[in-house]
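Working notes, structure below.
In our numbering, the protein residues as written are 31 to 380.
Shown next as structure tokens:
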């Protein structure tokens, strides 16, 4: 009869033996982690100057950003008695009512971001700003010491690069990474909504343009192509069918783009009329010119103003061919650049 022989050490229980046999697994994981750290250390050492340069750049730009924010805060303080929260949306709404069709790509992007990611981004950025202020306070406190023992804090005399690196280290320790993640997720969600909206609109224009171009090419091929072939020299006749086909598709795309501008102009006129009516009626009510019930967005006065203004603005845009008059085409030049940049992004995404 065979006697079973235990492989466990003498004096050890089965559980203890199992634990001892599992120990090499942890040791292998630790060895793998050590090897990975050894491989990554040279790469991190090479990227250290890059992070130092980035920190120094941020430290250089930071005073200008702070000064710009302080200037806007000062401007907001000056305009506060005039209630900018009322007249600024009203002015933007007026521009949208009469000229929103010129910026339909930008309006679509802003509207998509407002619906999807604006609220989450605003909340996340507020929390992140609070965390950043705490980090800056900690960095400022760390930079001040009482060197001469007179009870007065003296700024440490260190070079700008070392100071930038130290500030970056303090910020990295003080800022909550979860807040950074929330902000990035909110911004990314809003940007994805913008990209999806623009791609859908571009795809609709391409589809409608191709369909219209195909129908136009059928008619042109039957009636105009024979005459063009007769008038064209023999060495260039081969380009006539191709040129007609792509010319018809281009015309169809232009027609589809104009239709999309008309739809967007109607949307911007409606949205702008709502903003203008809300701001102007609130101002008039606060001044005592109107009854407080006039700003009720479900009331007859408010809706009548919105629809009347939206109709006038849309008809004005359509009649003028979606063009900007002389003073506004200069004042709104930055917005025009942003619109064309957004259109370029749409074409690249398409």
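Don't be surprised by glycine CBs; every beta carbon is placed ideally from N, CA and C.
Just so it is clear, the structure is predicted and the values come from calculations on it, not from any experiment.
Residues near residue i by beta carbon distance below 8 Å, same chain, minus five either side
i, result
"residue 287", "235 and 239"
"residue 377", "232"
"residue 113", "313 and 316"
"residue 120", "305, 306, 308, 309, 310 and 313"
"residue 375", "228"
"residue 118", "309"
Close beta carbons around residue i, own chain, < 6 Å, minus the five adjacent residues each side
i, result
"residue 290", "235"
"residue 280", "none"
"residue 334", "none"
"residue 123", "302, 305 and 306"
"residue 319", "none"
Helix, strand or coil at residue i [DSSP, three-state]
i, result
"residue 267", "coil"
"residue 321", "coil"
"residue 239", "helix"
"residue 214", "helix"
"residue 179", "Note that residue 179 scores 49 on pLDDT, short of 50, meaning its location in the model is unreliable; the coordinates nonetheless yield the value given after this. In the structure shown, residue 179 sits in coil (DSSP, three-state: anything other than H, G, I, E or B)."
"residue 369", "helix"
"residue 254", "coil"
"residue 76", "helix"
"residue 329", "coil"
"residue 352", "coil"
"residue 362", "coil"
"residue 163", "helix"
"residue 309", "helix"
"residue 206", "coil"
"residue 113", "coil"
"residue 220", "helix"
"residue 64", "helix"
"residue 151", "helix"
Euclidean distance between Cα positions of residue i and residue j
i, j, result
"residue 51", "residue 65", "Any reading at residue 51 must be qualified, since the residue scores a pLDDT of 46, below 50, and its modelled position is unreliable; no value is offered."
"residue 103", "residue 163", "17 Å"
"residue 143", "residue 159", "21 Å"
"residue 356", "residue 258", "41 Å"
"residue 332", "residue 111", "25 Å"
"residue 230", "residue 256", "38 Å"
"residue 330", "residue 101", "41 Å"
"residue 370", "residue 75", "42 Å"
"residue 90", "residue 96", "11 Å"
"residue 267", "residue 278", "18 Å"
Same chain, Cβ closer than 7 Å to residue i, neighbours up to 5 away in sequence not counted
i, result
"residue 328", "none"
"residue 354", "129, 132 and 362"
Contact test: residue i Cβ vs the ligand HEM heavy atom, cutoff 7 Å
i, result
"residue 299", "Summarising the ligand content, the structure contains no ligands, and the ligand HEM is consequently not present."
Do the stretch 205-225 and the stretch 246-259 make contact, defined as three or more Cβ pairs closer than 8 Å? When C-beta atoms of the stretch 205-225 are compared with those of the stretch 246-259, fewer than three pairs fall below 8 Å, so the two segments do not count as touching.
Does the stretch 80-92 come close enough to the stretch 266-286 to have 3 or more Cβ pairs within less than 8 Å? No, the stretch 80-92 is not in contact with the stretch 266-286.
Any chance the stretch 341-352 sits against the stretch 291-299, with 3 or more Cβ pairs inside 8 Å? Yes, they touch.
Per the contact definition of three or more C-beta pairs closer than 8 Å, is the stretch 125-132 in contact with the stretch 296-313? Yes, the stretch 296-313 is in contact with the stretch 125-132.
Report yes or no: do the stretch 219-229 and the stretch 137-154 share at least 3 C-beta pairs separated by less than 8 Å? Under the three-pair Cβ rule at 8 Å, the stretch 219-229 counts as touching the stretch 137-154.
Any 3 or more C-beta pairs closer than 8 Å across the stretch 328-344 and the stretch 302-314: Per the Cβ contact rule, the stretch 328-344 is in contact with the stretch 302-314 (3 or more Cβ pairs under 8 Å).
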